[in-house]
Structure formats: C-alpha cells, structure tokens
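Asks: Got a structure for you, written out below as structure tokens; questions coming shortly.
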Amino acid sequence: MAEPKIKPFPIPISAMFQRGLRGYVANAVPLTLAAAATFGVLAVSVIPVLGEENRFRLLAVTTLGLIVATAAALPWFSYALNAARNEPVDIAAPFRDGSRFVDQLVCSFWFWAAFFLGFQYLRTLWGPILFFLVVVLYAFFGFVVADGTVQGPLRALGTSVRLGEKRRIALFAIWVLFFLFNFAAALPIGWGVNPVTVVVTVITLAMTTSISMVAWACLYDTLDDLLVPLPPAQRPQWGARRKPKKSRKSRKPRRRR
7 MAEPKIKPFP
17 IPISAMFQRG
27 LRGYVANAVP
37 LTLAAAATFG
47 VLAVSVIPVL
57 GEENRFRLLA
67 VTTLGLIVAT
77 AAALPWFSYA
87 LNAARNEPVD
97 IAAPFRDGSR
107 FVDQLVCSFW
117 FWAAFFLGFQ
127 YLRTLWGPIL
137 FFLVVVLYAF
147 FGFVVADGTV
157 QGPLRALGTS
167 VRLGEKRRIA
177 LFAIWVLFFL
187 FNFAAALPIG
197 WGVNPVTVVV
207 TVITLAMTTS
217 ISMVAWACLY
227 DTLDDLLVPL
237 PPAQRPQWGA
247 RRKPKKSRKS
257 RKPRRRR
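Under my numbering, the letters of the sequence shown match residues 7 to 263, in that order.
Written out as structure tokens, the structure is:
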C-alpha cells in the first residue's frame with residue numbers, strides 16, 4: 007500500500023497533556039520551585055517599569071527581563087526533561103556546567119529580540135510573520151541546551167530549527183493550545199488585582215506552565231528520536247599533495263569541427 011501523503015503527528019496532543027500532567031504530579035516540588043525562581047527573576051526585572059510612560063524604554067527593559075528570566079529557566083528545562091523521561095530529577099545537574107547558562111542566555115537573546123521586533127511591527131504584516139517564525143523555529147532551544155547534546159548556542163538554535171522541519175504549522179497550532187491553557191490559569195487576576203488573586207494566579211500559572219514544560223519535553227524527545235543526524239563535515243587535508251597540472255604546451259589540441 008502507498009504511504010499517505012499527510013503523515014500523522016508523531017505524538018498526539020492528548021498524550022502530551024497526559025504525560026505532562028503525570029510528570030508534574032510525580033515531580034511537583036522541583037518543577038514548581040524552578041517555575042517560581044523563573045517568575046521571580048522576571049518580576050524583579052519587569053515590575054519596576056510597569057508604569058513607565060516611555061514605550062521604548064518599557065519594551066526594552068521588559069525584553070531584557072525576559073532574556074534574563076529565560077536564561078534563569080535552564081534548571082526548569084532540565085527538570086522537565088527528567089520528568090518527561092521518568093527519571094529522578096537531578097537538582098544539581100544544570101549547575102555543573104556553567105557554559106550552558108551562557109548558551110541559554112545567548113539563545114534567549116535572539117529569541118526575545120525577534121519578539122521585540124515583532125511587537126514593534128505588530129501593526130504591519132511583518133509582526134505576525136515574525137511571531138510565527140520565532141515560535142516554530144526556536145521552540146525547543148531550551149531543551150536542546152539543557153539536554154547537552156550539542157555545544158554552543160548557534161548549534162542549539164540550529165537543532166531547534168531542524169526538529170520542527172516539515173511540522174511548522176502543527177507546532178504553531180500546538181503552541182496556541184498550550185498558550186490558551188496557560189492563559190486560563192491567569193484568569194483569577196482578571197477579576198481584580200488583590201493579594202488573593204495574585205497568589206492564586208501565581209500558583210495556577212506555576213502548575214500549568216510546568217505541565218506545559220513537561221509536555222513539550224515529551225515532544226522534544228519524540229522529535230529528537232526522529233531527527234536524522236547530519237553527515238560529518240569533510241575537513242580539508244592541508245598536508246595532501248595536489249596533482250601537478252599539465253602545462254598548456256603538453257595538452258592535446260582540441261579538434262575543430
């Protein structure tokens with residue numbers, strides 16, 4: 007039988023949600039603490055400029071806060087991978103190699119800088135296009151860095167691009183579903199800003215975002231298993247001798263037709 011032209015997605019969305027929920031329940035403490043640390047870094051960076059009238063300064067400081075918070079989220083990505091793989095969470099694993107935080111910082115800079123540009127040009131066609139490209143191209147860079155399968159931020163971004171090859175539209179649709187899932191967790195603060203709604207929103211967001219992280223870690227592992235490794239690059243042999251070229255006199259003259 008001929009293979010169907012449209013192949014099914016490697017992992018069902020329902021399975022992602024189930025594995026994400028199961029992984030969070032089994033590792034609720036480290037995942038929640040990592041989420042709280044990430045939110046804390048973001049809050050310290052963004053809250054002081056929330057009332058800023060200068061729009062450019064507000065966006066610049068917010069983008070900087072998002073970059074730093076994403077770099078600080080490296081343990082969160084690492085713990086989500088452990089939970090997705092049914093492994094015991096290694097609390098100290100992300101801190102054994104400081105270069106991974108540098109890679110995460112560089113990757114998050116390019117990620118949120120593209121979002122910043124998309125926000126600037128949101129009223130034009132370029133804004134939605136940039137949002138779409140950022141989401142579908144760089145959705146897995148945090149897991150690539152935390153997994154340690156490649157070295158360097160550019161290779162991590164490149165691997166993230168390759169993971170979503172021929173699945174861009176499906177990845178964007180899944181991202182929208184998880185965005186709505188986490189948006190629903192922030193609804194309590196919409197009823198009014200007070201200490202109770204703020205605490206409830208932070209707790210629910212820590213839960214839903216951690217579930218989403220584990221679910222995306224499962225998707226990362228699934229796509230990584232299907233990823234075809236690149237062929238090794240051929241290095242030039244600097245010491246090899248080249249064959250001497252024939253002089254023009256020794257070449258045979260071409261026959262004229």
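Even for Gly, the Cβ is constructed at its ideal location relative to N, Cα and C.
#1: Going residue by residue through the segment 14-91, where are the continuous alpha helix (DSSP H) segments of at least 4 residues, counting only ones entirely within it?
#2: When the Cβ atoms of the segment 86-97 are set against those of the segment 48-58, are three or more pairs found closer than 8 Å?
#3: Quick check on Y226: does DSSP put it in helix, strand or coil?
#4: Please work out which residues of its chain come closer than 6 Å, Cβ to Cβ, to R174, disregarding the five sequence neighbours upstream and downstream, and give them in chain order.
#5: Mind pulling the alpha helix (DSSP H) runs of 4 or more residues that sit fully within the segment 102-183?
#6: Do we get a CB-CB distance below 7 Å when we pair A32 with the residues of chain D?
#7: I need the DSSP call for L211, collapsed to helix, strand or coil.
#8: Pick out whichever of A152, L229, N60 has its Cα sitting closest to the Cα of S105.
#9: Output needed for P242: all residues of its chain with C-beta closer than 6 Å, excluding positions within five of it in sequence on either side, in chain order.
#10: In chain order, what residues of the same chain have a beta carbon less than 8 Å from the beta carbon of T38, not counting five sequence neighbours either side?
#11: In whole angstroms, what is the alpha-carbon distance linking F122 and T69?
#12: If we count the other Cβ atoms within 10 Å of its Cβ and call it buried at 16 or more, is R25 buried or exposed?
Replies: Put simply:
#1: For the segment 14-91, the full-length alpha helix (DSSP H) segments reaching 4 residues or more read 19-32, 34-52, 61-78, 80-90 along the chain.
#2: Judged by Cβ distances under 8 Å, the segment 86-97 makes no contact with the segment 48-58, as fewer than three pairs qualify.
#3: Helix.
#4: So the list reads V142, once near-sequence residues are dropped.
#5: 105-126, 132-143, 147-153, 159-169, all fully within the segment 102-183.
#6: Absent from the structure is chain D; it holds one protein chain and no more.
#7: In the structure shown, L211 sits in a helix (DSSP, three-state: H, G or I).
#8: Residue A152 is the option with its Cα nearest to S105.
#9: Legend: pLDDT at P242 = 45, less than 50; position of this residue unreliable, no value from coordinates given.
#10: Once the five neighbours on either side are set aside, the close Cβ partners of T38 are A212, M213, S216.
#11: Whole-angstrom Cα-Cα distance: 7 Å.
#12: By the neighbour-count rule (16 or more Cβ atoms within 10 Å), R25 is buried.
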